[in-house]
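Protein sequences appear in the order of chains A and B. Residue numbers for the first sequence, in the working numbering: 2 to 304. Residue numbers for the second sequence, in the working numbering: 2 to 304. Beta carbons are placed, not taken as given, at the ideal position from N, Cα and C, and that holds for glycine. Please read these numbers as outputs of a predicted model, since none were measured by experiment. Below is one structure; the comments refer to it alone.
Protein chains: 2
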Amino acid sequence: MLDVCLLGTGGMMPLPDRWLTSLLMRCKGRMLLVDCGEAGQIPVRLCGWGFKAIDAVLFTHYHADHVAGLPGLLLTLGNSGREEPLILMGPPGIRMVVEGLMVIAPRLPYDLKLLELPVNQVSEVQLDDVYIRSIPVEHWMPCLAYSFEIRRQGRFDSTRAEELGIPVNFWGLLQRGEEIRLGDRLISPEMVMGKPRKGIKVCYCTDTRPVESLVDFIKGSELFICEGMYGHNHELEKAVEKKHMLFSEAALLARYGEVGELWLTHFSPSLERPREFEASVRDIFKNTVVGSDLMKKNIKFKE
Amino acid sequence: MLDVCLLGTGGMMPLPDRWLTSLLMRCKGRMLLVDCGEAGQIPVRLCGWGFKAIDAVLFTHYHADHVAGLPGLLLTLGNSGREEPLILMGPPGIRMVVEGLMVIAPRLPYDLKLLELPVNQVSEVQLDDVYIRSIPVEHWMPCLAYSFEIRRQGRFDSTRAEELGIPVNFWGLLQRGEEIRLGDRLISPEMVMGKPRKGIKVCYCTDTRPVESLVDFIKGSELFICEGMYGHNHELEKAVEKKHMLFSEAALLARYGEVGELWLTHFSPSLERPREFEASVRDIFKNTVVGSDLMKKNIKFKE
């Protein structure tokens, strides 16, 4: 099970009625935050899941609207009594960015662990139950799109386990992926576990042109959160110049990627009523939702 | 005439319903901003005076809740088409702080002019019509209190000017402080101008214990904007430890300094309803107002 909260939907600058684009995810009580622009800690507070369980903050890239809220967040985490280390990860340059910003938050009661992700290949990192993959996308500076997967093992075949004469008190070990020894027999998990079942996959992609590699990357996602900087198709030239996407381009990605649902976000400050474009973009991809601040979704394993 | 807008009233961190303490002032269309914590650009926008006329940003000190909003503000100024230089001033260390934060706003379409103010003495800087004075106060890092004065010259004595035989078309020059030559006579402004009249003075003081030098410094202010981190007097020990003030301490300063009006600000996030303390603090200083975000005042010269 995964809880998702789109904290904000703005691009460029925080507005009185629109927080900057950022994503909070919660799995088994632990949380990941993706991007943290100026004032990012306010919607985290409004979301209501607390601050303490945030284990890592991931950055797509280091433009101010995705990272300027970091020092304030770090101080607030410190004030909330945090002592465990916090992981910060993102494209190369993370050390320089964090050291620069820490000039106004020089002392924290916990450690920061920095993890630099490559921008020339796909990478995978596991944090507790979440597998985080990233691929490079196309923006004015190195920028990553992320996928978050919670994998799900196959069903335990109790009939087969009984046939093999495995005592019930060993079943849990096999379900947790451990081998067991029964007399002179070695029983491996594959002997009693079915094929892995479909897990949960969520993708987050902002500040990029719609590069082709995204189509494979997002395939099979229950939820694809994607930037849509501009609503009108006649703003294509601007989107190309600024290396952002139109709503319709994000919807095409969602369609080719066969995702379950598309949430649009990262609206230009000039886009005052993004919802006006929802109907037309649904002609391209039906399950499109124009995002709104603090929109939540609880994603469960499918039975 | 001076317009004052208290943009926010919070301390430590921005809250969903309370922006961080910051002051915007406008005189003859030009503006000064004092402090710019995280999300500081949002109440500037809400204030409605625009961004373009901001000539300088002053900092009391460099704790994150007073400076973390700078990169976002600078980028927004750039996006609003600014090309004129912007002055940034504050205690020593300003270069290090600005260079650190600029790692996420490396390219601006205008120049920054940094001005380091001393923390061991009173200093005075003039920006257009505003005389800015600062004195060191007592916090966990070098910190300044500011006064802003708009001076007002004496009344022009037209009877005297006529007695001296000064043609009317020279009166404006004398009123603007220039000497004129009439034949072999040198006429100086003092010969026709009365004594300077009372101008306008506003003081801003936050993140400090109530040091004695503040009493003289704020004397004669129409408006004294002062921190009050805690409302309850039994929080004195905490105020001393954290180098902040109680409401009652700020009110005593206002009383001894004989100011016109006191606005309290910079409330602890734990202080949910600061207004509850207004009545009791008015027993110490009658013209006390517990500040609220975006509170404005138009201060005119007294006739």
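One thing to note: Pro275(B) has its Cβ within 8 Å of the Cβ of Val291(B). Residue contact with chain A for Leu102(B): present (Cβ-Cβ distance below 8 Å to some residue of chain A). Taking a Cβ-Cβ threshold of 9 Å, the residues of chain B close to Tyr63(A) are Val104 and Ile105, in chain order. Distance from Leu24(A) to Leu3(A) at the Cβ level is roughly 11 Å; contact not present, criterion being Cβ atoms closer than 8 Å. With a cutoff of 8 Å on beta-carbon distance, Arg134(B) and Ser148(B) are scored as near each other.
Three or more Cβ pairs closer than 8 Å define a contact, and the segment 41-58 of chain B falls short of that threshold against the segment 195-204 of chain B. For Gln176(B), the enclosing alpha helix (DSSP H) begins and ends at Trp172 to Gln176. With a beta-carbon spacing of about 6 Å, Leu116(B) and Ile88(B) fall inside the 8 Å limit used to define contacts.
Every alpha helix (DSSP H) stretch that sits fully inside the segment 153-223 of chain B and reaches 4 residues is listed by chain position as 159-164, 172-176 and 214-219.
Residue contact with chain B for Thr77(A): present (Cβ-Cβ distance below 8 Å to some residue of chain B). When Cβ-Cβ separations below 8 Å define contact, Arg83(A) makes no contact with chain B. Annotation: the continuous alpha helix (DSSP H) that includes Ser281(A) extends over Glu279 to Arg283.
Among the residues facing chain B, Glu223(A) is not included, as its CB has no counterpart in that chain under 8 Å away. Taking 8 Å as the threshold, the shortest C-beta distance from Met97(A) to chain B falls below it. From the beta-carbon of Ile55(B), no residue of chain A is found nearer than 9 Å; the closest lies around 15 Å away. For Ala240(B), no CB of chain A lies under 8 Å from its own CB, so it is not counted at the interface with that chain. The continuous beta strand (DSSP E) containing Gln127(B) extends over residues Ser124 to Leu128.
Residues of chain A whose Cβ lies closer than 8 Å to the Cβ of Arg46(B) are, in chain order, Leu16 and Pro17. Our two residues, Lys53(A) and Gln154(B), have alpha carbons roughly 58 Å apart in a direct line. Under the DSSP definition of a beta bridge, Trp141(A) lacks any partner. If you draw a straight line from the Cα of Pro168(A) to the Cα of Ile181(A), it is about 11 Å long. The beta carbon of Ala69(B) falls within 8 Å of a beta carbon belonging to chain A, placing the residue at that interface. In this structure, Lys297(B) lies near Val5(B), with their beta-carbon atoms less than 8 Å apart. Measuring C-alpha to C-alpha distances from Pro17(A) to each of Arg27(A), Trp172(A), Arg31(A) and Pro44(A) identifies Pro44(A) as the nearest.
In the structure shown, Ser249(A) falls within a helical segment according to DSSP collapsed to helix, strand and coil.
For the pair Pro15(A) and Gln176(B), the Cα-to-Cα distance works out to about 46 Å. The C-beta distance from Asp56(B) to Arg31(B) rounds to 5 Å, short enough to fall under 8 Å. A check of alpha carbon separations from Pro143(A) across Thr207(A), Val99(A), Arg83(A) and Pro86(A) identifies Thr207(A) as the nearest.
Pairing Ser269(A) with Ile285(A), the inter-Cα distance amounts to about 21 Å.
The residue among Glu273(B), Tyr231(B) and Lys220(B) with its C-alpha nearest the C-alpha of Arg256(B) is Lys220(B).
The segment 211-219 of chain B makes contact with the segment 240-260 of chain B, as at least three CB pairs between them are under 8 Å.
Contact annotation: Tyr205(A) and Ala146(A) have beta-carbon atoms nearer than 8 Å. Excluding five sequence positions before and after Leu247(B), the CB atoms of its chain that fall closer than 8 Å to its own CB belong to Gly229, Met230, Tyr231, Gly232, His233, Asn234, Glu236, Leu237 and Ala240, given in chain order. Against chain A, the CB of Glu39(B) has a partner CB under 8 Å away; the residue lies at that interface. Chain A has a Cβ within less than 8 Å of the Cβ of Gly73(B). In the DSSP assignment, Ala57(B) falls within the beta strand (DSSP E) that extends over Ile55 to Leu59.
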